[in-house]
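S.K.: My questions all concern the structure below.
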Amino acid sequence: MYICGKCKATIKKLDEKYTRCPECGYRILFKQRPPIAKEVSTD
Ligand SMILES: [Zn+2]
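Just so you know, we're using our numbering here: the sequence shown kicks off at 311 and counts up by one.
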């Protein structure tokens, strides 16, 4: 998942050749890690 550096739009799927925001056309996107809940076992 990516976040646009300008309009903060979230881009789930990013084309390799078209790396820009589909909303505003801004080229700088920030890679965002999806919040994955870790399964922790507590003894
Ligand atoms: Zn944008």
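Cβ atoms here follow ideal geometry from the backbone N, Cα and C, with glycine treated the same way.
(1) Are there 16 or more other CB atoms within 10 angstroms of the CB of residue 334, so buried, or fewer, so exposed?
(2) Given a cut-off of 7 Å on the beta-carbon distance, is the pair residue 322 and residue 336 in contact?
(3) Distance check for residue 338 and residue 332, CA to CA, integer angstroms please.
M.R.: Reading off the structure:
(1) Per the 10 Å Cβ criterion, exposed.
(2) For the pair residue 322 and residue 336, the CB atoms are not nearer than the 7 Å cut-off.
(3) Rounded to the nearest angstrom, the two C-alpha atoms are 12 Å apart.
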